[in-house]
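Note that the protein sequences, when read in sequence, are chains A and B.
According to numbering that gives the first Met the number 0, the first sequence is numbered sequentially starting from 0.
According to numbering that gives the first Met the number 0, the second sequence is numbered sequentially starting from 0.
By construction, the Cβ of each residue, glycine as well, lies at the ideal position given by its N, Cα and C atoms.
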Amino acid sequence: MQWYRVELHTHTIASDGVMDAEELVKRAKKRNYNAIVVTDHNTTTSCKTAQEKGKKEGLVVVPGIEWTTFWGHIVISGGKSNVDWRSVNLENIDDKLAQARKCGDLVTIAHPKRPGTPFCSECRFLYKLNNWDNVDAYEVWSHYEPSLSEDSTLAKKEWASLINEGHKIAPVYGYDWHAPDEDGPAYAHTYVGMEGELNPENILQAIRDRHTYISMGVNIDAKIIQDGNEYYFGDELAKGNANICLKAHVSSDYLKKFNVEIKGLRIYKNGKMFLAKKWEGEEIDIPIELNCKNVRIELYGAVEGKDCDIAILSPIYITR
Amino acid sequence: MTKIAEFNWNITSADTKKHLTGDFMVDKPFEKLIFECSYTPKYLEDEQKGLQMMREALVKADYSLAKYKDEDLLKHMPLANHVSWSVDSPIELVGTKHMHDPNQVITISNGQSTPGFKHTPIYEGRWSFTASLNAVLTDTLSIHVVVMGENDDAMV
Numbered sequence: 000m001q002w003y004r005v006e007l008h009t010h011t012i013a014s015d016g017v018m019d020a021e022e023l024v025k026r027a028k029k030r031n032y033n034a035i036v037v038t039d040h041n042t043t044t045s046c047k048t049a050q051e052k053g054k055k056e057g058l059v060v061v062p063g064i065e066w067t068t069f070w071g072h073i074v075i076s077g078g079k080s081n082v083d084w085r086s087v088n089l090e091n092i093d094d095k096l097a098q099a100r101k102c103g104d105l106v107t108i109a110h111p112k113r114p115g116t117p118f119c120s121e122c123r124f125l126y127k128l129n130n131w132d133n134v135d136a137y138e139v140w141s142h143y144e145p146s147l148s149e150d151s152t153l154a155k156k157e158w159a160s161l162i163n164e165g166h167k168i169a170p171v172y173g174y175d176w177h178a179p180d181e182d183g184p185a186y187a188h189t190y191v192g193m194e195g196e197l198n199p200e201n202i203l204q205a206i207r208d209r210h211t212y213i214s215m216g217v218n219i220d221a222k223i224i225q226d227g228n229e230y231y232f233g234d235e236l237a238k239g240n241a242n243i244c245l246k247a248h249v250s251s252d253y254l255k256k257f258n259v260e261i262k263g264l265r266i267y268k269n270g271k272m273f274l275a276k277k278w279e280g281e282e283i284d285i286p287i288e289l290n291c292k293n294v295r296i297e298l299y300g301a302v303e304g305k306d307c308d309i310a311i312l313s314p315i316y317i318t319r
Numbered sequence: 000m001t002k003i004a005e006f007n008w009n010i011t012s013a014d015t016k017k018h019l020t021g022d023f024m025v026d027k028p029f030e031k032l033i034f035e036c037s038y039t040p041k042y043l044e045d046e047q048k049g050l051q052m053m054r055e056a057l058v059k060a061d062y063s064l065a066k067y068k069d070e071d072l073l074k075h076m077p078l079a080n081h082v083s084w085s086v087d088s089p090i091e092l093v094g095t096k097h098m099h100d101p102n103q104v105i106t107i108s109n110g111q112s113t114p115g116f117k118h119t120p121i122y123e124g125r126w127s128f129t130a131s132l133n134a135v136l137t138d139t140l141s142i143h144v145v146v147m148g149e150n151d152d153a154m155v
């Protein structure tokens, strides 16, 4: 499995961003992204130019849109569906999300726990979904210093509740990138894992398969070994014994720019802490009995001297 | 430049989260359509009302209100109204402009549309313009839109 840095939530001058498509692509390359999704508010007109510039710069660009509706923002990635954002409302939201997915697009709930109006128009997700199976991913972290912000803390809580209810939803980070922010506060990344070539379809499929983790520049290679078979976080496993093998190190750019430090990890079974362990090296091997419905791992540490969570892995689901 | 239509909408805060649509006919050939869109006021100037709105929003969103002192909240002032604009041709949604400037000029043509809008010929037939009321924080809000048609030779 190869892991790639992807930014899933970006804006250009087609909506309220300040960068044109070319500048967005160049700055994404400078930040060592392997891919971005262009998700302007209610328009896709920058996507084609961004894809063309991306080809020249060696950056994969996925077309997308952020439905910026009156009751919340939803990132639709893939560029295949053609839903008129104005038609999305409290009554038909489940059908509209299903429609987008049926066309092959990926559905992500954007910054669900921001306070919304009057701070940021309709940024808070107010929809009551009847069917969370129409949601592929959830911005557990958003924007600056995500693991320290109140909105991301609340978002993580809701996402963890959804996982415990049995929904299978990939954790993602959304920078919601509007301006260059070269010297801005610390931001995170979504890492997406795949076996095949890095291209838009494989990125979307990897997120559908929940092969994601979000982190403050910590590179993680995690596997679960059960009965001699190798699984990844996000996968479905059988009850029984397994071993978690996890390697992690802070990438050099994050070490330099944000002084990120790994201090330990926590393992949760069904949302309850099962094990907390100090970080003692780059690699750990933990035997675990899979006698629960899900297992989650978080890494904690410090960013610019502030203690906080520094990575959240996609859960494993025990379904057999 | 030929004036094709003009829309004036006077609304109240009760209208927030509504779409206001005005139709107009393009009944002769144009190279481009130009929309001059504006709304006023942009900002809620009443500090006390703004503070109250922010506190209520934080409570509704399950935030710890105690963490937010008035001096922190005041940094968000003045709070702003927000209206976004969409244009539909006789065939399709041409685009939406989601920006925060209350004064916008949108151009639509087959080669040089404003970012956010597709390039499209100016088809003859029924077009529409929509003002989407994302946030109306002030008691009242006035929206003014003028639609004009233009041919390139008229600019020479």
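Residues that DSSP places opposite residue i in a beta bridge
i, result
"residue 87 of chain A", "None; residue 87 of chain A has no bridge partner."
"residue 271 of chain A", "A:268"
"residue 5 of chain B", "B:145"
"residue 170 of chain A", "A:137"
"residue 125 of chain B", "B:24"
"residue 33 of chain B", "B:106 and B:147"
"residue 42 of chain A", "Residue 42 of chain A pairs with nothing; no bridge assigned."
"residue 244 of chain A", "A:222 and A:284"
"residue 96 of chain B", "B:84"
"residue 307 of chain A", "A:300"
"residue 235 of chain A", "A:316"
"residue 18 of chain B", "B:131"
"residue 140 of chain B", "B:10"
C-alpha gap between residue i and residue j, whole angstroms
i, j, result
"residue 88 of chain A", "residue 133 of chain A", "15 Å"
"residue 3 of chain B", "residue 35 of chain B", "12 Å"
"residue 66 of chain B", "residue 113 of chain A", "15 Å"
"residue 103 of chain B", "residue 72 of chain B", "29 Å"
"residue 140 of chain B", "residue 51 of chain B", "20 Å"
"residue 155 of chain B", "residue 0 of chain B", "Interpretation of residue 155 of chain B is limited by its pLDDT of 40, a score under 50 that renders its predicted location unreliable; the figure taken from the coordinates is listed afterwards. Each residue's alpha carbon lies about 12 Å from the other."
"residue 64 of chain B", "residue 54 of chain B", "7 Å"
"residue 22 of chain B", "residue 122 of chain B", "14 Å"
"residue 42 of chain A", "residue 176 of chain A", "16 Å"
"residue 134 of chain B", "residue 28 of chain B", "36 Å"
"residue 142 of chain B", "residue 41 of chain B", "11 Å"
"residue 194 of chain A", "residue 3 of chain A", "11 Å"
"residue 262 of chain A", "residue 38 of chain B", "52 Å"
"residue 72 of chain A", "residue 66 of chain A", "6 Å"
"residue 25 of chain B", "residue 126 of chain B", "7 Å"
"residue 82 of chain B", "residue 251 of chain A", "43 Å"
"residue 191 of chain A", "residue 232 of chain A", "11 Å"
"residue 131 of chain A", "residue 153 of chain A", "18 Å"
"residue 10 of chain B", "residue 201 of chain A", "47 Å"
Extent of the continuous alpha helix (DSSP H) run through residue i
i, result
"residue 62 of chain A", "Careful: residue 62 of chain A lies outside any alpha helix (DSSP H), inside the beta strand (DSSP E) at 59 to 68."
"residue 21 of chain A", "20 to 29"
"residue 114 of chain B", "Careful: residue 114 of chain B lies outside any alpha helix (DSSP H) and carries neither H nor E."
"residue 4 of chain A", "It is not in any alpha helix (DSSP H) - residue 4 of chain A instead sits in the beta strand (DSSP E) that spans 1 to 9."
"residue 214 of chain A", "It is not in any alpha helix (DSSP H) - residue 214 of chain A instead sits in the beta strand (DSSP E) that spans 211 to 214."
"residue 94 of chain A", "92 to 101"
"residue 12 of chain A", "No alpha helix (DSSP H) holds residue 12 of chain A; DSSP gives it neither H nor E."
"residue 197 of chain A", "From DSSP, residue 197 of chain A is part of no alpha helix (DSSP H); its letter is neither H nor E."
Simplified DSSP state of residue i, which is helix, strand or coil
i, result
"residue 11 of chain B", "strand"
"residue 77 of chain B", "coil"
"residue 58 of chain B", "helix"
"residue 33 of chain A", "coil"
"residue 154 of chain B", "With a pLDDT of 48 at residue 154 of chain B, under the threshold of 50, the modelled position of this residue cannot be trusted; read the value that follows with caution. In the structure shown, residue 154 of chain B sits in a helix (DSSP, three-state: H, G or I)."
"residue 66 of chain B", "helix"
"residue 48 of chain A", "helix"
"residue 228 of chain A", "strand"
"residue 80 of chain A", "coil"
"residue 73 of chain A", "strand"
"residue 250 of chain A", "coil"
"residue 134 of chain B", "strand"
"residue 183 of chain A", "coil"
"residue 262 of chain A", "strand"
Unbroken beta strand (DSSP E) run spanning residue i, endpoints
i, result
"residue 315 of chain A", "315 to 317"
"residue 189 of chain A", "188 to 193"
Residue-level contact to chain E via CB, residue i, 9 Å cutoff
i, result
"residue 67 of chain A", "No chain E is present in this structure, whose protein chains are A and B."
- prompt: What residue ranges within the region 105 to 168 of chain A form continuous beta strand (DSSP E) runs of no fewer than 3 residues, ordered along the chain?
  reply: 105 to 108 and 136 to 141
message: Restricting to runs no shorter than 3 residues, where is the beta strand (DSSP E) found entirely within the region 272 to 305 of chain A?
response: 282 to 289 and 293 to 302
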